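Residue numbers (our numbering): 10 to 87. Heads up, the thing below is written out as structure tokens.
What follows is the structure, encoded as structure tokens:
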């Protein structure tokens, strides 16, 4: 029987990252001027994101944060 000798490691690792991003679709974003946003963190559940956002608001009361569902999951973390 013949074996497949072509290496598909890059494709597999890319699929793993994409799958992981889809699991963490709830994001906390910092609202910036000119209707821009910066994603701060990703979470699997809305309640985890809400709890983390409460702490961020205590640490940085001058910043505006929002929890949202990011269905794209293509944006990289900053």
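The C-beta atom is built at its ideal place from N, Cα and C for all residues, glycine as well. These numbers were taken from a predicted model, which means no experiment stands behind them.
Close beta carbons around residue 33, own chain, < 8 Å, minus the five adjacent residues each side
Taking the chain shown and counting its residues from 1, one reaches residue 33 at position 24. If we look at residue 33 and ignore the five residues flanking it on each side, its Cβ neighbours are 51, 52, 53, 82.
Within a Cβ cutoff of 6 Å, which residues of the same chain sit near residue 49, ignoring the five residues on either side of it in sequence?
Numbered from 1 along the chain shown, position 40 holds the residue referred to as residue 49. So the qualifying residues of the chain are 37, 39.
Quick check: the Cα distance between residue 55 and residue 67, rounded to an integer number of angstroms?
Start at 1 with the first residue of the chain shown, and residue 55 comes out as number 46. Start at 1 with the first residue of the chain shown, and residue 67 comes out as number 58. Distance from the CA atom of residue 55 to the CA atom of residue 67, rounded to whole angstroms, is 19 Å.
Tell me, please, which residues DSSP counts as bridged to residue 32.
Translated into positions along the chain shown, residue 32 becomes position 23. Paired residues: none, contrary to the question.
If you drop the 5 nearest sequence neighbours on each side, which residues of the same chain put their C-beta closer than 8 Å to that of residue 35?
Locating residue 35 in the chain shown gives position 26, counting from the first residue. Correct list, in chain order: 51, 52, 53, 54, 55, 57, 58, 76, 77, 78, 79.
Less than 7 Å between C-beta atoms, sequence neighbours within five positions excluded: which residues of the same chain meet that for residue 62?
As a first step, residue 62 is located in the chain shown; it is residue number 53 there, counting from the start. In its chain, beyond the 5 residues on either side, 37, 74, 76 have a beta carbon closer than 7 Å to the beta carbon of residue 62.
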